[in-house]
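> I am attaching a structure below and will ask some questions about it afterwards.
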Amino acid sequence: MLKKMLLPLFLLALLITESHAQLKIGKYAGEFMAIGVGGRANAMGGAYVAVANDVTAGYWNPAALARIDYPQIALMYSQNFGSLVNYNYASAALPYGQDMSFGLSIIRLGVDGIPDNRQALVDNENNVIYDIYRPDAHFDPSRIKEFSDADWAFYFTFAKRQSDKLYYGANVKLIRRSIAEYTATGIGFDVGLLYQPTDKLSLGVNVQDITTTLVAWNTGTNELISPTAKTGIAYAFNFLYGKVTPAAGFDMRFENRRFASQMNVGPVSLDFRGGLEYSYADVVAVRMGYNDIKDFTVGAGVRLPKLNIDYSFAHFSGAKEDALGDSHKISLTLTLESPKFLRGAGK
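The numbering used here puts the first residue of the sequence shown at 1, with every later residue one more than the last.
What follows is the structure, given as structure tokens:
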């Protein structure tokens, strides 16, 4: 209960005290969109920019959404820091014509059921007061309410296959943030490219918030989310009746992150991601990775007819005495794999 109260209320206080500022560069204003979606991708440490070939490409690299040949739906549920923070994701994608795809992705990060005691301190006449040192000050439990700290992002994706080797795509994303009665709205744009010089090698880049995203709070505070360039490389080859896919990439940010990054040069910071997947007979897969916050990840997946089930696990190595707990993510991907839904069917 104490953890539930302290972090969001600190953020609430910070928001109020800065309400007179007109504009500030928020290093972590869009951090909830950087956590990553999908059990497969997270198990590979998020080294997925060049690997993505399913509906989750709308998040990882919009260009790669043109790789899908059937409509897909994905769902993911995750608990972080024990059960304190819930992270949910849903998406749907549809191939269109011979070379295009459209998608919608929704992300929600939230802390729910936060006790709000701002109106609970009263005097002997049951009037709300704010001086806890008054002799007649006491708490009225019936006045304690609850609120949520919730961040939402809606991604609208378009992707096109320019040729057999080159794909491009873009996201328009709407951002909605709220904490108690305070709300913020923003709109941002992502641009992605995917290049496949051979059947085995893939190169990808996704520039998120390419125009710099403005998030405007109803308090008068405006936050700017700086661009992030995610790059990736992946190479797939056959091995022991299956397929091995090593992948790697960097997240390049321009927020002057001196301490919350693996390396930095002036205002530019770099964070490495690496991943490895072994898929046996295209049915069972095991994965491992290293993500941008210096944690090792593992996971597994199984492919059933029309349904993929993927799981990832990460332990927060910086957590003192496991105070922050572990992160478990499980995702389901449904593919409408039927001849009538095949890309270009009937044409």
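Backbone N, C-alpha and C define an ideal beta-carbon position, used for all residues, glycine too.
These figures come from a predicted structure and were not determined experimentally.
Secondary structure at R176, three-state DSSP: helix, strand or coil?
Translated into positions along the sequence shown, residue 176 becomes position 176. Strand.
> Which class does K340 belong to by DSSP, given the choice of helix, strand or coil?
If you number the sequence shown from 1, residue 340 lands on position 340. K340 falls in the helix class under three-state DSSP.
> Could you work out which residue in H328, L304, F313 is closest to L336 when comparing CA atoms only?
On the sequence shown, position 336 is the one that residue 336 refers to. Of the listed residues, the one whose Cα sits closest to L336 is L304.
> Can you tell me which of the three DSSP states N124 falls into?
As a working mapping, residue 124 is identified with position 124 in the sequence shown. Three-state DSSP puts N124 in coil, outside helix and strand.
> Quick check on this structure: which residue in D190, S163, Y155 has the alpha carbon closest to the alpha carbon of I175?
What you label residue 175 is simply residue 175 of the sequence shown in a count that begins at 1. Considering only alpha carbons, the answer is Y155.
> Assuming I349 contacts A153 (C-beta within less than 8 angstroms), just tell me the rounded distance between them.
With the chain represented from 1 up to 347, any question about residue 349 goes unanswered, as that position is not in the structure.
> Quick one: what's got a C-beta closer than 7 angstroms to L365's C-beta in the same chain, skipping five residues either side?
This structure gives no information on residue 365, because the portion of the chain shown stretches from 1 to 347.
> Can you list, in chain order, the residues of its chain with a C-beta nearer than 6 angstroms to that of S178? Leave out the 5 residues immediately preceding and following it.
Here residue 178 refers to the residue found at position 178 of the sequence shown. If we look at S178 and ignore the five residues flanking it on each side, its Cβ neighbours are A150.
> Is DSSP giving S279 helix, strand or coil here?
Within the sequence shown, the letter at position 279 stands for residue 279. In this structure, S279 counts as strand in the three-state DSSP scheme.
> How do the region 204-214 and the region 222-242 stand: do at least 3 beta-carbon pairs fall below 8 angstroms, yes or no?
The region 204-214 vs the region 222-242: in contact.
> Decide if the region 26-42 is in contact with the region 215-225; the criterion is three or more beta carbon pairs, one per stretch, under 8 angstroms apart.
Flag = yes, the region 26-42 and the region 215-225 touch.
> For the region 183-203 against the region 166-175, do three or more pairs of beta-carbon atoms, one drawn from each stretch, fall closer than 8 angstroms, so that the two count as touching?
In short, these stretches touch, since the Cβ pair count reaches three.
> Express the C-alpha separation of G110 and N127 in angstroms, rounding to a whole number.
Translated into positions along the sequence shown, residue 127 becomes position 127. Translated into positions along the sequence shown, residue 110 becomes position 110. Taking the straight line joining both Cα atoms gives about 32 angstroms.
> Between which two residues does the beta strand (DSSP E) carrying G188 extend?
Position 188 of the sequence shown, counted from the first residue, corresponds to residue 188. Segment 182-195, the beta strand (DSSP E) holding G188.
> What is the residue span of the alpha helix (DSSP H) that A41 lies within?
Within the sequence shown, numbered from 1, the residue matching residue 41 stands at position 41. Start and end: 39-43.
> Could you give the C-beta distance for A92 and G103, rounded to a whole number, given that I count them as a contact under 8 angstroms?
On the sequence shown, residue 92 is found 92 positions in, with the first residue counted as 1. On the sequence shown, residue 103 is found 103 positions in, with the first residue counted as 1. Yes, they are in contact, since the Cβ atoms of A92 and G103 sit about 7 angstroms apart, within 8 angstroms.
> Would you kindly work out how many angstroms separate the C-alpha atoms of G344 and T297, rounded to a whole number?
Here residue 344 refers to the residue found at position 344 when the sequence shown is read from its first residue. Here residue 297 refers to the residue found at position 297 when the sequence shown is read from its first residue. Answer to the nearest angstrom: the Cα atoms are 38 angstroms apart.
> Does the beta-carbon distance from G58 to T157 come in below 8 angstroms?
Residue 58 sits at position 58 when you count from the first residue of the sequence shown. Residue 157 sits at position 157 when you count from the first residue of the sequence shown. Taking 8 angstroms as the Cβ cut-off, G58 and T157 qualify as a contacting pair.
> Could you check what DSSP says for S163 in three-state terms: helix, strand or coil?
For the purposes of this step, residue 163 is identified with residue 163 of the sequence shown, where counting begins at 1. Coil.
> Under a CB-based cut-off of 8 angstroms, is K165 close to chain D?
Within the model displayed, chain D is absent; a lone protein chain is all it includes.
> Under the three-state reduction of DSSP, which class applies to L84: helix, strand or coil?
Sequence index remark: in the sequence shown, residue 84 carries index 84 (1-based). Residue state, collapsed to three classes: coil.
> Report all residues from its chain with a CB closer than 6 angstroms to the CB of D112; omit the five preceding and five following residues, and keep chain order.
Mapped onto the sequence shown, residue 112 falls at position 112. S148, listed in sequence order.
> Report the rounded CA-to-CA distance for P246 versus Y280, giving the unit in angstroms.
Along the sequence shown, read from residue 1 onward, the residue named residue 246 stands at position 246. Along the sequence shown, read from residue 1 onward, the residue named residue 280 stands at position 280. Their backbone Cα atoms lie some 15 angstroms apart in a straight line.
> Could you tell me if L348 is buried or exposed, where buried requires 16 or more neighbouring beta carbons within 10 angstroms of its beta carbon?
Examination of residue 348 is not possible in this model, given that the chain is present from 1 through 347 alone.
> Under 6 angstroms Cβ to Cβ from R253, same chain only, skipping five residues before and after it: list those, please.
The residue you call residue 253 lines up with position 253 of the sequence shown. T228, S269, listed in sequence order.
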